[in-house]
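Residues are numbered in our numbering as their position in the sequence shown, beginning at 1, plus a constant of 42. The block underneath contains the structure these notes are about, expressed in structure tokens.
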Amino acid sequence: MKEQIINVGSLSSLSNLNFTLTKELKILRESYLKGNGHIPVWDLTNITPKKVSFAALTTFLGISKTIRDFIGKPIEIRVLWQPEFQGFLSDIDFLKISSEFDLYDWKGMLGGFSNEKTSPNTRIFFYNDVPTFSYTDQQSIITWKDTKREELKRSISFRLKPIFDNNYFVEQWNRELEAVFTTTISELVVNSLIHGRSIAFVGVQRTKRGITTCISDNGIGFLNSLQQYKPDLIPSLSKSNLKAILYSSLHSRNKIGLYRAINDVILSGGYINISSFDSEIMWSNEIWQHINTFQSLEDILALNLETSAFMLDGFVDIETLKKGYLKKYDHFLMGSRITFEIPFSHE
Numbered sequence: 043m044k045e046q047i048i049n050v051g052s053l054s055s056l057s058n059l060n061f062t063l064t065k066e067l068k069i070l071r072e073s074y075l076k077g078n079g080h081i082p083v084w085d086l087t088n089i090t091p092k093k094v095s096f097a098a099l100t101t102f103l104g105i106s107k108t109i110r111d112f113i114g115k116p117i118e119i120r121v122l123w124q125p126e127f128q129g130f131l132s133d134i135d136f137l138k139i140s141s142e143f144d145l146y147d148w149k150g151m152l153g154g155f156s157n158e159k160t161s162p163n164t165r166i167f168f169y170n171d172v173p174t175f176s177y178t179d180q181q182s183i184i185t186w187k188d189t190k191r192e193e194l195k196r197s198i199s200f201r202l203k204p205i206f207d208n209n210y211f212v213e214q215w216n217r218e219l220e221a222v223f224t225t226t227i228s229e230l231v232v233n234s235l236i237h238g239r240s241i242a243f244v245g246v247q248r249t250k251r252g253i254t255t256c257i258s259d260n261g262i263g264f265l266n267s268l269q270q271y272k273p274d275l276i277p278s279l280s281k282s283n284l285k286a287i288l289y290s291s292l293h294s295r296n297k298i299g300l301y302r303a304i305n306d307v308i309l310s311g312g313y314i315n316i317s318s319f320d321s322e323i324m325w326s327n328e329i330w331q332h333i334n335t336f337q338s339l340e341d342i343l344a345l346n347l348e349t350s351a352f353m354l355d356g357f358v359d360i361e362t363l364k365k366g367y368l369k370k371y372d373h374f375l376m377g378s379r380i381t382f383e384i385p386f387s388h389e
């Protein structure tokens with residue numbers, strides 16, 4: 043079998059990972075469809091450790107698990123090993139999680155690196171208690187979500203105690219924002235488990251701006267999930283992953299769900315980015331306020347998104363990106379990725 047070196051790029055952002063990896067994974071998929079499946083090798087030699095995005099690293103873990111499960115054995119990974127970088131991967135539990143799932147065949151791993159040099163406010167963890175009941179069992183779904191959401195809030199508060207007990211955090215945030223933070227993560231993890239039917243990987247990082255979090259799964263995605271439990275809706279979505287994300291973001295306006303999670307983050311002054319398969323929506327204040335001017339979901343789903351002023355096509359400046367946007371890619375990444383940031387109050 044032919045070896046395929048898969049360059050993951052710089053892992054400097056989710057967009058960079060998407061741009062770099064989707065083309066490589068398409069080649070890998072096609073090799074198996076043609077009956078001459080390649081042997082993948084992860085190439086991380088273009089990474090600059092201090093510029094690695096936590097969202098991209100968290101997403102890479104989820105992708106790695108999917109490919110490893112498909113191949114049936116650990117995948118070779120090539121890195122220009124530096125003791126500092128190994129220490130970083132160890133501190134954030136990347137090495138622990140990858141070992142637990144037996145994801146990689148490490149080559150050139152060094153010994154003697156220093157642990158506990160990374161901020162305790164920076165961590166990756168996961169939840170894997172995927173339910174087994176049917177998509178059509180609405181009562182079980184409601185009961186499970188309510189129970190699991192509260193359980194996850196307690197778990198997340200415990201896991202992130204170093205953040206919440208930090209003096210700097212206490213000075214810049216308040217308990218209301220802490221509640222928004224834990225509630226948002228728990229809602230997004232619950233959605234990955236129940237709708238994506240996939241392990242949810244969670245990455246949390248404190249930056250100069252605030253707390254940035256990524257929830258990544260390699261599940262069936264928004265469109266396929268809606269097809270399972272709301273099949274009558276599918277014609278109005280026109281087989282569009284973009285419209286599926288749009289619908290999922292807005293349909294729970296009057297109850298606990300993704301809408302409230304997005305709205306809470308926007309009200310905090312933050313943003314929330316949602317991508318699934320070939321589509322991405324960046325929710326920030328301007329696009330969120332615009333979409334909420336529509337009275338009904340039917341009106342929103344009837345929009346021609348391709349001609350929307352918020353649809354990205356080619357290079358745009360940073361100020362345009364800050365307004366929020368819609369985007370479609372030529373290739374796709376399985377699953378769903380949701381990244382949100384809640385800023386510190388003084389910024």
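Ideal Cβ placement from N, Cα and C applies to all residues, glycine included.
For residue i, does the count of other Cβ atoms within 10 angstroms reach 16, so buried, or fall short, so exposed?
i	result
E45	exposed
S378	buried
F130	buried
G38	Only positions 43 to 389 of the chain appear in the structure, and residue 38 is not among them; the question remains open.
M43	exposed
K65	exposed
N233	buried
S280	exposed
Q337	exposed
L292	buried
T90	exposed
R248	buried
T189	exposed
G356	exposed
Tell me which same chain residues have a C-beta within less than 7 Å of the C-beta of residue i, skipping the five on either side of it?
i	result
N88	N49, G51 and S52
T362	none
S55	S95 and A98
D135	R165, I166 and F167
I47	V83 and D85
L59	V50, G51, L53, A98, T101 and F102
E200	For the sequence presented, residue 200 should be read as Phe rather than Glu. Excluding residues within five positions, none has a Cβ falling inside 7 Å.
H332	none
Since residue i and residue j should fall inside the 8 Å C-beta cutoff, what is the C-beta to C-beta distance between them, to a whole number of angstroms?
i	j	result
L86	R120	6 Å
K285	L343	6 Å
F243	S267	Incorrect: roughly 18 Å between the Cβ atoms, too far for contact.
E322	G366	With 8 Å as the limit, E322 and G366 do not qualify as a contact, their Cβ atoms being about 11 Å apart.
N170	I241	4 Å
V246	L309	That belief does not hold up - the Cβ atoms of V246 and L309 are roughly 20 Å apart, past 8 Å.
Return the residue from the list the options that minimises the CA-CA distance to residue i.
i	options	result
L300	G245, H237 and F352	H237
S317	S182, L368, I81 and N170	L368
D133	T164, L103, W123 and T185	T164
I105	P385, M376 and F386	M376
W123	I253, L145 and K149	K149
I109	A221, F143, L137 and I360	F143
N260	T90, D111, G356 and K93	D111
S278	Y371, L339, E126 and I298	L339
E348	Q331, I360, D359 and K370	K370
S326	C256, F61 and I304	I304
G312	N346, N296, T255 and P273	T255
Could you have a look at residue i and say whether DSSP puts it in helix, strand or coil?
i	result
P125	helix
A303	helix
Q337	coil
F143	coil
K272	coil
D242	A quick correction: the sequence has Ala, not Asp, at residue 242. Correct three-state label for A242: strand.
I287	helix
I198	helix
R217	helix
L345	coil
P204	helix
L70	helix
D355	coil
D179	coil
K369	strand
S39	No answer is possible for residue 39: it lies beyond the span of the chain, which begins at 43 and ends at 389.
E389	Only weak support exists for where E389 lies, its pLDDT of 44 falling under 50; the value from the coordinates is given anyway. Coil.
S278	helix
V83	strand
T174	coil
R248	strand
Which same chain residues end up closer than 8 Å to residue i when comparing Cβ atoms and leaving out the 5 residues on each side of it in sequence?
i	result
S294	L300, Y301 and R302
N78	M43 and K44
L275	L268 and Y289
D306	V222, T225 and T226
F175	S182, I183 and W186
For residue i, which residues in the same chain have their Cβ closer than 6 Å to its Cβ, ignoring the five residues on either side in sequence?
i	result
L194	S228 and V231
N315	M324 and T381
F319	G263, N283 and F374
S140	Y146
I184	none
E192	none
Y271	Y177
L265	N283 and A286
So is residue i in contact with chain B if we call contact Cβ pairs under 8 Å?
i	result
I109	Although the question refers to chain B, the structure presented lacks it and comprises just one protein chain.
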